[in-house]
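Colleague: I have a structure here, written as structure tokens, and I will follow up with some questions on it.
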Amino acid sequence: KSTLALSFFRFVEATKGCITIDGLDISKMGLSDLHSKFTIIPQDPTIFSSTLLSMLDISLVI
């Protein structure tokens, strides 16, 4: 799984063949354009210890 993910983000370049998305070779795409098409979702969820209101309250930011 990790090699596939690294290949999608072009951290690892394909040595044979090519990876295409909707018919476009990702090696021909700009990195910022390519990276904007993917989102990484962590496997382990993050649990916050405070309330949603306290996290969104800008007056608490010091």
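Residue 14 in the working numbering sits at position 12 of the sequence shown, and the numbers go up by one each step.
The C-beta atom is built at its ideal place from N, Cα and C for all residues, glycine as well.
#1: So is the beta-carbon of A7 under 7 Å away from any non-hydrogen atom of the ligand PLP?
#2: Give me the Cα-Cα distance between I23 and D46, rounded to the nearest whole angstrom.
#3: Does DSSP put I49 in a helix, in a strand, or in coil?
#4: A7 lies in the alpha helix (DSSP H); which residues open and close that run?
#5: Please return the same chain residues whose Cβ sits closer than 6 Å to the Cβ of S61, not counting the five positions on each side in sequence.
Modeller: If we stick to the structure as given:
#1: Here there are no bound small molecules, and the ligand PLP is not part of this structure.
#2: Going by the C-alpha atoms only, they are around 27 Å apart.
#3: coil
#4: Here the alpha helix (DSSP H) through A7 covers S4 to F10.
#5: none
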